[in-house]
Amino acid sequence: ASAILASLFHPSELYAIAQLKFGGQFSGIKAFRGDLTTLPEDISDIDFCYAVLNKVSRSFALVIQQLDDELKDCVCLFYLVLRGLDSVEDDEEVEQERKKELLSTFYLKLDEDGWNCPGVGDSVDYRFLMAKFEKVISCCKKLSPEYQDVIKEITKRMGIGMAKFVGTTSVKTIDDYNEYCHYVAGLVGIGLVKLFAASGLEDPSIKDQEELANLMGLFLQKTNIIRDYLEDLEQNRIWWPLELVQKHGFETVADVKKDPYSKKSLDVLNDLVGNAVELIPRCLEFMSLLKNEPVFKFCAIPQVMAMATLQQLYNNPKVFQGVVKIRKGESCYLMMNSSNNQMLREIFYNYSESLLSRVRPDHFNSKRTTEVLKSVMKDTEGDVQKGGNGALVGVVAVVAIGVATYYFV
């Protein structure tokens, strides 16, 4: 109900909520909502994997489950294997040397029948996944060798990369920041293009687009790191680069939040947002290469969510006071309207325009941020549909009233 209230003056969002709730492109996708410990003992390994996927990440579960059958299982398992790595990395109770060893050798566990890792994970659901990880391994072994090789390769590279950062109290330089984002997100993009190519659903040459796939991952990860500043800080996970923070006159990353409305603090924030904005043109370049509609949606939805979030983060002191999130209705709208390149580019145009309207001449690096955003808008303006939507507005308004009535009457 709170999502309905938040979107009450955004009828297109209410329409999207109704589509997502009552049908549309994600209809028929099962989503497990209960306690994972209530899963039946005789549940199949693959059904177990999808139940865990739906519990730990509903949004990713939706976009994964709309993929073609050829890709769906391997992407689900790829995601869960990497969530296993994340569970090791994020658990502060795991002793550092053991954590390094687990991360560096995690890929080898994918060949060990029956291997699991009880007690590891920073949440109940992740500990449940790790305690029954043998089910993920069992399913991975049923994939084609080509898919297995990709999953093992990326798991190896990511685990070794994560191990390099174990024990560090903060990311020191911009280069370190980029390197960390590469290990935890860029490699995901690289792995995905290899899976897409192996599936035959995309052109085999897509596997050669490692640079673009890496940058797409960096765009998502950098947005998350900016958004999660306070939450990460409270858990002693500091990913804002110290070099950038000190450039603006702060001694530590934690100092930035002390006066959230100060120009210095907002300069740090806008510097980081500008750093992420630089990646937008390459993300659009990558997306233009995808031909399979479910694959396109799978990649597009996280991209438009990140773009919407960046627009909210820019010059926003609330980053230092809590977690800035887009409305649930806005998320639903983006999920339902990212099916092809024209729709994606129109969304990027609109959010670039909105972000640009918030840039002021006295903001840090405003000239460069303005240049990039104007370039994105110039590149995408031909994809913006103008006019001819009067009837649609009427229909949307009726649907909005219907949805509101459903929840409140």
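The opening residue of the sequence shown carries number -8 in our numbering; numbering runs sequentially from there.
Every residue, glycine too, gets a C-beta built ideally from N, C-alpha and C.
Predicted, not measured: the structure shown is a model, and the values here were computed from it.
Within the model, the alpha-carbon separation for Lys143 versus Gln200 is close to 19 Å. According to the DSSP assignment, Ile142 belongs to the alpha helix (DSSP H) that extends over 136 to 155.
The region 139 to 157 makes contact with the region 176 to 183: 3 or more CB pairs, one atom from each, lie closer than 8 Å. For Leu206, the closest alpha carbon among the candidates Arg218, Tyr171, Leu224, Val54 is that of Tyr171. Ala189 sits close to Tyr138, with the two beta carbons spaced by under 9 Å. Membership of Cys40 in the alpha helix (DSSP H) is indicated by the continuous run 36 to 47. In the DSSP assignment, Ser256 falls within the unbroken alpha helix (DSSP H) covering 254 to 268. Between the alpha carbons of Arg336 and Thr371 lies a gap of roughly 6 Å.
Assignment of Leu280 by DSSP, reduced to helix, strand and coil, places it in the coil class. Cβ atoms of Leu224 and Val259 stay farther apart than 8 Å, at about 13 Å.
Look at the beta carbons and you see the region 207 to 214 touching the region 296 to 309: at least three pairs across the two are nearer than 8 Å. In this model, Leu263 and Lys238 are separated by some 12 Å (Cα to Cα). Cβ-Cβ separation between Gly191 and Phe69: approximately 17 Å, too far for a contact (criterion under 8 Å).
In the displayed model, Glu84 falls within coil according to three-state DSSP, outside both helix and strand.
Comparing C-alpha distances from Glu321 to each of Asp140, Asn306, Met296, Val315 shows the shortest one belongs to Met296. By the Cβ rule, the region 99 to 113 counts as touching the region 126 to 137, because three or more pairs are nearer than 8 Å.
By the beta-carbon neighbour count (other beta carbons within 10 angstroms, threshold 16), Arg359 is exposed. Note that the C-beta distance between Ala245 and Ile229 is below 9 Å. The C-alpha of Pro136 is placed about 31 Å away from the C-alpha of Ser330. The straight-line gap separating the alpha-carbon atoms of Tyr252 and Ile197 is approximately 44 Å. For Ser190, the enclosing alpha helix (DSSP H) starts and ends at 178 to 190. With fewer than 16 other Cβ atoms inside 10 Å of its own Cβ, Pro31 counts as exposed. The three-state secondary structure of Tyr324, taken from DSSP, is helix. Asp223: member of the alpha helix (DSSP H) spanning 220 to 225, first to last residue. Judged by DSSP secondary structure, Leu30 falls outside any alpha helix (DSSP H); it is assigned neither H nor E. With a cut-off of 8 Å on Cβ pairs, the region 38 to 47 is not in contact with the region 82 to 99, counting fewer than three such pairs. Close CB contacts of Phe119 within its chain, under the 6 Å cut and outside five residues either way in sequence, are with Leu27 (chain order). Sorting Asp82, Asp64, Met121 by C-alpha distance to the C-alpha of Leu186 places Asp64 at the top.
Cα atoms of Phe277 and Lys365: separation of roughly 19 Å, rounded to the nearest angstrom. A straight-line Cα-Cα distance of about 12 Å links Gly25 and Arg49. In the three-state reduction of the DSSP assignment, His173 falls in the helix class.
Note on Asn266: 16 or more other CB atoms within 10 angstroms of its CB, so buried under the neighbour-count rule. Boundaries for Asp199: no alpha helix (DSSP H) harbours it, and the DSSP string shows neither H nor E there. Counting only residues of its own chain and dropping the five nearest sequence neighbours on each side, Asp82 has a CB closer than 7 Å to the CB of Val111, Gly112, Asp113.
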